[in-house]
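Written below as structure tokens is the structure these notes are about.
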Amino acid sequence: MINFQLKDLLKITPWGENNDLTLHWYGLSDSYYWFVLGDYELLRYSDEFEVKYRGVTNLPYVDYQFIRLYQDIRDILQNIAIPIPADVFEFINTLEKQESFLTSLTYWLNNVWNDSDEEYDEIYEPVKLWIYNRKLIL
């Protein structure tokens, strides 16, 4: 479950410089957000981290415009809603297999591939995009 709490309007810092400050829809989505999975909260800062690095805040969660998270999730859903094909999943279904794949790929890029090799466009680029389109970078 995704949770968020919009900041109080008076605590939202307008964007701009000098006398050209504005509040707009993107800035007005400034909030705290976090994920709840069962009994666990993801993206929650520890008390120690809060005291040392953030000082006093309203909530111990990520502090950013919620619309950005919404846009990222909206964009990634079309890719993660499609199951990984079983024959592909067999090659990446453990962390060790994923690391082995990336090691092999790195070796191939650094030692085998050359500019005239069409496999880069036919294999590497689609795989890279397939992986990238399924990541949510927080």
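The sequence shown: position 103 = 1104 (our numbering), numbered continuously.
Note that beta-carbon positions come from the ideal geometry of N, C-alpha and C, so glycine has one too.
From a predicted model like this one, the values you see are computed outputs, not experimental measurements.
Out of L1010, R1045, T1023 and N1019, point me to the one whose CA is closest to I1003's CA. R1045
Measure from the alpha carbon of R1069 to the alpha carbon of each residue in P1061, Y1027 and L1022, then state which is nearest. Y1027
Is it the case that the Cβ atoms of L1022 and W1016 are separated by a distance below 8 Å? yes
Straight-line CA distance for N1094 to L1106? 17 Å
Please return the same chain residues whose Cβ sits closer than 8 Å to the Cβ of Q1079, not counting the five positions on each side in sequence. Cβ within range, chain order: n/a, list empty.
Inter-residue Cα distance where the pair is N1134 and Y1071: 15 Å
Proximity below 8 Å, CB of Y1062 to CB of Y1033: Yes; because the gap between Cβ atoms is below 8 Å, this pair is in contact.
Identify whether W1016 lies in helix, strand or coil by the three-state DSSP scheme. strand
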